[in-house]
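Visitor:
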Amino acid sequence: MALKALDIYKLLPKKNCKECGDPTCLTFAMKLAGGKSDVDLCPYLDEQAKTVLGATTRPPIKLVKIGVGERSFAVGEEFVLYRHEKTFYHPPGILFKVSDTQTPDEIIAVTKRVKSESFTRVGSDLQFNGIAIENTSGSAEPFARAVEMVEKVADLPLVLISTSVPALSAAMVYCGTYRPLIHAATTATYKEMCSLARQHGCPLAIRAQTLDELGELVKKCATEGVPDLVLDLAPTSLNDFIVRSTSIRHLAISRSAPELGYPVYVDTTGGGMEDAMIALGIVKYASVIVTSPLSPGSAKAALTLRQNIYTDPQKPIQMNPGLYRVGTPDKDAPVLMTVNFSLTFFTLQGYLESSRIPCFMLIVDTEGLSVLTAVAAGKLSEVLVRDSIRKFGVEQEVSHRKLIIPGYASPLSGRIEEATGWKVLVGPRDAAEIGDFLHEEWKKHVG
Ligand code: SF4
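Position one of the sequence shown corresponds to residue 835 (the working numbering), numbered consecutively onward.
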């Protein structure tokens, strides 16, 4: 069980010396209770207190970084079982798998794709995270060559998949300083694998058939001096993965089995139903997901799902309020007012671009609420619209005084006209109809 701030405070030395970076012991205790600081920052804690506090205040799932600098991603450090309880913080890294038995052209094509492919959705550029290279040949030389090839083409986070320590050692010559994830140590190989991970300061995946075995293996690797671990649950089916991954998350979050508090790894390439496995991995707690190079449709679906699951459910995705241009609008261009809920903005923007009528989008601050919700909650008002017109200088941008408002904001049309002095045109409720509206209704009003 996690300790409350006051319980933590009782265990602190109460010197208020600020050496931990906090102004008082109490603020330090509050941060520890929220998992936002570390007991090691207080130099006056004795070992016993550190052990007690460390076990209860550190994040239940360890943060593990794969790669270095810009070519890295961090996973773990999650605090809840269900997204709606708080939020999920670290989206899983999704890596495309290549094999050392593929031709150089094939390996290079996949690597270049991961490096350059990007898909923009609700204002964010979504990308895959890296390359997993499998030692299918079983030999060191082709494996090292494949890793060298990937390294030459792109500086991406890597997973090196092999059961052979000599093959992994040979590959490390080309990427050892970039902290690839080594996959995977087993009960039979953990000593050699740990030695390799320690030598290069790399994270290590460990693989076992049961949770008990995994827990034991974690302890052994910790004793061998490898702190950054990732758990491969070796699932045999979709169902098997859900059961094991959910159990691990539950045991880690409740701190019933702190030794299982590490990010989870899943390889979706075996056994068919890859799209389903990727979706389950994203939703049910996988932190490193290795896939085959996905078709464009599957790639978009995976990136979209990951973006959705890893946005904070308590904070609508918002645009900055302001005046946005679509195309190159002139003084006669229409002005369309709407809310700063990202999905509304990007949906409307897409339809406006398709209409090929240059225009202005006046985005007002409804704290990320959609039009219907903002009207119902009183967040969208005539005062807000009037102030936004002034604040963003709309009057200087156009020569007319006509404002198109969303169909769902029609109850406010009269009040907006009175407050702003602008003529209000009520647009369609469905953004998909805005093109027709501009071509037909707007043109009537501008003659
Ligand atoms: Fe208190 Fe320790 Fe922080 Fe000093 S370093 S303020 S004693 S918690």
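Heads up, the beta-carbon is just placed ideally off N, CA and C, and yes, glycines get one too.
Any heavy atom of ligand 1 closer than 7 Å to the Cβ of E881?
Guide: Along the sequence shown, read from residue 1 onward, the residue named residue 881 stands at position 47. Every heavy atom of ligand 1 is 7 Å or more from the Cβ of E881, so no.
Visitor: Would C1193 pass as a contact of V1173 if the rule is Cβ separation under 8 Å?
Guide: Start at 1 with the first residue of the sequence shown, and residue 1193 comes out as number 359. Start at 1 with the first residue of the sequence shown, and residue 1173 comes out as number 339. Contact: no.
Visitor: Candidates P1092, R1032, A1133: which alpha carbon is nearest A1110's?
Guide: Locating residue 1110 in the sequence shown gives position 276, counting from the first residue. When only C-alpha atoms are compared, the closest one is A1133.
Visitor: Kindly give me the distance between the Cβ atoms of L1196 and V1228, rounded to whole angstroms, as I take these residues to be in contact under 8 Å.
Guide: One-based indexing of the sequence shown puts residue 1196 at position 362. One-based indexing of the sequence shown puts residue 1228 at position 394. That pair is a contact at about 6 Å.
Visitor: Assign M1171 to one of two classes, buried (16 or more other C-beta atoms within 10 Å of its C-beta) or exposed (fewer than that).
Guide: In the sequence shown, residue 1171 corresponds to position 337, counting from 1. So M1171 ends up on the buried side.
Visitor: With H, G and I counted as helix, E and B as strand and the rest as coil, what does DSSP make of R1235?
Guide: Along the sequence shown, read from residue 1 onward, the residue named residue 1235 stands at position 401. Note: R1235 maps to coil in three-state DSSP.
Visitor: Among all residues, which have a Cβ less than 7 Å from at least one non-hydrogen atom of ligand 1, and in what chain order do they fall?
Guide: Counting every residue whose Cβ lies closer than 7 Å to a heavy atom of ligand 1, we get L846, P847, K848, K849, N850, C851, K852, E853, C854, D856, T858, C859, F862, L875, C876, P877, Y878, L879.
Visitor: Under a three-way DSSP split, which group does E1201 fall into?
Guide: The residue labelled residue 1201 in the question sits at position 367 within the sequence shown. Here E1201 sits in coil by DSSP.
Visitor: Helix, strand or coil: which one does DSSP assign to M1195?
Guide: Taking the first residue of the sequence shown as position 1, residue 1195 is located at position 361. If DSSP states are grouped into helix, strand and coil, M1195 belongs with the strands.
Visitor: Check whether the Cβ atoms of K896 and G1095 lie closer than 8 Å to each other.
Guide: Taking the sequence shown and counting its residues from 1, the one referred to as residue 896 is at position 62. Taking the sequence shown and counting its residues from 1, the one referred to as residue 1095 is at position 261. Yes, they are a contact pair.
Visitor: When the Cα of E1093 is compared with those of E1274, P1147, K1053, P925, which residue comes out closest?
Guide: Within the sequence shown, the letter at position 259 stands for residue 1093. Closest option to E1093, Cα to Cα, is K1053.
Visitor: Could you check if H1295 is buried or exposed, using at least 16 other CB atoms within 10 Å of its CB as the buried criterion?
Guide: Only positions 835 to 1281 of the chain appear in the structure, and residue 1295 is not among them; the question remains open.
Visitor: Using the C-alpha atoms, what's the distance from D1066 back to K849?
Guide: For the purposes of this step, residue 849 is taken as the residue at position 15 of the sequence shown. For the purposes of this step, residue 1066 is taken as the residue at position 232 of the sequence shown. Their Cα atoms are separated by approximately 44 Å.
Visitor: Apart from the five residues just before and just after S958, which ones in its own chain have a Cβ nearer than 8 Å to its Cβ?
Guide: If you number the sequence shown from 1, residue 958 lands on position 124. Excluding residues within five positions, the ones whose Cβ falls inside 8 Å are Q1141.
Visitor: Could you pull the DSSP bridge partners for Q1152 from this structure?
Guide: Taking the sequence shown and counting its residues from 1, one reaches residue 1152 at position 318. Paired residue(s): F1175.
Visitor: In angstroms, rounded to a whole number, what distance separates the CA positions of D1062 and V944?
Guide: The residue you call residue 1062 lines up with position 228 of the sequence shown. The residue you call residue 944 lines up with position 110 of the sequence shown. Straight-line Cα distance between these residues: approximately 28 Å.
Visitor: If I measure Cβ to Cβ from Y878 and keep anything under 7 Å in the same chain, skipping five residues before and after, which residues do I get?
Guide: Residue mapping note: residue 878 aligns to position 44 of the sequence shown, counting from 1. The residues are P847, K849.
Visitor: Please check if any C-beta of chain D sits within less than 8 Å of the C-beta of K848.
Guide: The displayed structure is made up of one protein chain only, and chain D is not part of it.
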